[in-house]
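First up is the structure itself, then whatever we jot down about it.
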Ligand SMILES: [Zn+2]
């Protein structure tokens, strides 16, 4: 496949994922970020800093190409999201990671304040994910180099992990591509909403 075509396809998937996440309400305003691996170049295509998911498009507007350390390939491109460390470390962790979705989904964040794990509340999540979602303490609005070992440890503990929650911050989901990662983020938000409502009703 010709390199340009492949990148065009990735931009299309990124845009679909960004628009879905915004429409579903798992990310509003200008928060959150998402990325995809560009397997042909060994780089990542990551959301630019400051923009909204709603303003991305399939032509690649709102995205920037970087290496896994977060360094822009073209210096004239806009700055990447402040979460480049998070995105880059997840691609470096495993070749199977093709997309990363990070969003500030409200039910998941609310649930995570008072719990250490989001359990498999429904039969559906048990079937789809098959594991509890760990909740991590990272006392910073973005993942820093010093936090990388904490995230790595989660995946060492469960190599099949597809997501985790940053307490007081948001959800991080990975997938074979960015659409799969986005669907997992939606599923986590649904699961967290049910978990919160269940606790309230059982009181
Ligand atoms: Zn965030």
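In the numbering used here, the protein residues as written are 62 to 264.
Here a beta-carbon is modelled for each residue, glycine too, at the ideal position from N, C-alpha and C.
The continuous stretches of beta strand (DSSP E) do not include residue 167, which lies in the alpha helix (DSSP H) extending over residues 167-173. Taking residue 164 as the centre and dropping the five residues before and after it, the same chain places the C-beta of 82, 87, 88, 93, 231, 232 and 246 closer than 6 Å to its C-beta, in chain order. Using a Cβ distance threshold of 8 Å, residue 146 and residue 75 do not count as a contacting pair. Under the three-state reduction of DSSP, residue 225 is assigned to strand.
The segment 189-198 makes contact with the segment 217-227: 3 or more CB pairs, one atom from each, lie closer than 8 Å. Bridge pairing for residue 127: 105 and 133 [DSSP]. Under the three-state reduction of DSSP, residue 230 is assigned to coil, being neither helix nor strand. Residue state for residue 210 is assigned as helix, using DSSP reduced to three classes. Contact between residue 260 and residue 166 fails: their C-beta atoms lie close to 17 Å from each other, not under 8 Å. For residue 144, the closest of 178, 220, 78 and 201 by C-alpha to C-alpha distance is 201. Relative to ligand 1, the beta carbon of residue 144 is positioned inside 7 Å of a heavy atom. Residue 124 sits close to residue 72, with the two beta carbons spaced by under 8 Å. Setting aside the 5 residues that flank it on each side, residue 158 is surrounded in the same chain by 98, 151, 152 and 235, each with a C-beta closer than 7 Å to its C-beta; the list follows chain order. Residue 240 holds the alpha-carbon nearest to the alpha-carbon of residue 162 among 240, 214 and 179. The C-alpha of residue 108 is placed about 30 Å away from the C-alpha of residue 185.
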